[in-house]
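Working notes, beginning with the structure itself.
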Amino acid sequence: MFVSCSDSNFLQSHWKYPIPEQGVPPSHFSSLEKNLNPTSCATCHQNQFQNWKKSFHAKSISSGFLWQKEILTQEEYSSCFQCHSPLAETKSELDSKYQTKEILNSKAHNFSTGLESPSILCASCHIRNQIRFGPPPRDNPKKEITTGNLPHNGYVAKIEFESSEFCRSCHESKETGVKLNGKRLMEVYSEWKKTTFAKDGIQCQNCHMPDREHSWKGIHDKTFVQNSLLPTWTITENKGKYRIQAELKSIGIGHAFPTYIVPKIYLRFYVVLKDKPNPILLEESVIGRIVNANLTEEYLDTRIQAQKTHLVRFDFEPKENQIQKFLWEIEVNPDEQYVRSFEEQLKNKGNQLSNLSRKLLEESLYEKRNSRYTLFTLSSKVPVSLPQ
């Protein structure tokens, strides 16, 4: 059976934590239907599986997560499971507290071929108590009931799967969470609610899941970010003094950019002189929310609000008129906060960690140090491109 409806209590019950174990599958299910491993879902949902497999959802339990078990309290570590490993069955892979008779029995029935990863799986969003949930069919979204011999008893369609509120549970810190300068560490849903995107009905899924694509592209994807920003600049000269004015405008981002405290964007301006091969740095600014490694103090918040602009303006007067060109480089460091925090942990606690945890920490730190990329490079020759 397939039912389509909007239920004001659906999201509250769907994301009620802890999510209970799935239990024993219906007896008439085939072995394929009973197996909740994503590779089984891929039998019919190949496109979704291939995109999910490359996504950060599929890697929510990684070396960067696992090494922290030795520095966090049991309560702190377990609280991370709510979003990083929502299902009771996947949690049992990470913590003996979840290895109850009921959960292990459910895992044996629903993951009979084993769990490849205890991360965010298809079932984390789409299955509760052996019932499949998903968005209404695109060809007939108002269709209410379909009968027939459907795989896994069909599914219950909910329009909430296409609403920003569906994502809120994991992408918005609780009101009781840490606050710095009156702001929670994650407020992406609240940021979105204040924008014209929300007023115009543009949901998270429209940008991060276009055409229902299960890739959830974000700050780590260069092309995705390039399409969301517009860099413009002007250079004028007056009596040997150059004025550089640059603007980076948010044109397709429905929240503060970059969101959260982790990523940073660097704007660097250089001059290239005719007799010197290496560019000379003139100005550098950072866009982001800058907090200390312990998450106890915020120093600066220069993020760009939706459809707003970050402005940089400065003057440069060379000693000699030997300028060949000006350069503007925009670099993205998607994991800046993690790099700084992990470096501090490695320095202060590295010798106290087990060999395995230290190895996981070093692996994650290496990966995050190498996630930086150049977003844009703009060049302006002198004096050809200067206004007359």
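To convert, note that position 201 of the sequence shown is 201 in my numbering; the numbers rise steadily by one, no gaps. From the three backbone atoms N, C-alpha and C, an ideal C-beta is built for every residue, glycine too. Please read these numbers as outputs of a predicted model, since none were measured by experiment.
Do residue j and residue i have their beta-carbon atoms positioned less than 8 Å apart in this structure?
i, j, result
"L356", "F342", "no"
"E247", "T195", "no"
"K241", "E317", "yes"
"V332", "P263", "yes"
"C167", "C122", "no"
"L282", "V271", "yes"
If you reduce the DSSP assignment to three classes, tell me which class residue i lands in.
i, result
"I287", "strand"
"H220", "coil"
"G64", "helix"
"Q305", "coil"
"N35", "coil"
"P231", "strand"
"L87", "coil"
"T146", "Bear in mind that the predicted position of T146 carries a pLDDT of just 46, short of 50, making it too unreliable to give a figure here."
"L11", "helix"
"F161", "helix"
"L365", "helix"
Determine the extent of the beta strand (DSSP E) in which residue i is found, giving its start and end residues.
i, result
"S250", "241-250"
"F314", "309-316"
"E344", "That residue, E344, is in no beta strand (DSSP E); its alpha helix (DSSP H) goes 336-349."
"R132", "131-134"
"E331", "323-333"
"R372", "No beta strand (DSSP E) contains R372, which DSSP labels as neither H nor E."
What residue range is occupied by the uninterrupted alpha helix (DSSP H) comprising residue i?
i, result
"E191", "188-193"
"R212", "Counting along the chain, R212 falls outside any alpha helix (DSSP H), and DSSP gives it neither H nor E."
"I103", "101-110"
"W52", "46-53"
"T196", "196-199"
Mind checking residue i: buried by the 16 CB within 10 Å criterion, or exposed?
i, result
"Y98", "buried"
"I127", "buried"
"V178", "exposed"
"I287", "buried"
"F257", "buried"
"P86", "buried"
message: With a threshold of 8 Å, are at least 3 pairs of Cβ atoms found where one atom belongs to the segment 178-198 and the other to the segment 303-317?
response: Verdict: yes, contact present.
query: Counting pairs of Cβ atoms below 8 Å between the segment 53-64 and the segment 107-126, do you hit three or more?
result: Cβ pair count under 8 Å is three or more, so yes.
message: Between the segment 221-237 and the segment 76-84, can you find at least three pairs of beta-carbon atoms closer than 8 Å?
response: Look at the beta carbons and you see the segment 76-84 not touching the segment 221-237: under three pairs across the two are nearer than 8 Å.
- prompt: Does the segment 253-272 come close enough to the segment 320-340 that 3 or more CB-CB pairs lie under 8 Å?
  reply: Verdict: yes, contact present.
query: Three or more beta-carbon pairs under 8 Å between the segment 292-299 and the segment 210-218, yes or no?
result: Because the criterion of three Cβ pairs below 8 Å is not met, the segment 292-299 and the segment 210-218 do not touch.
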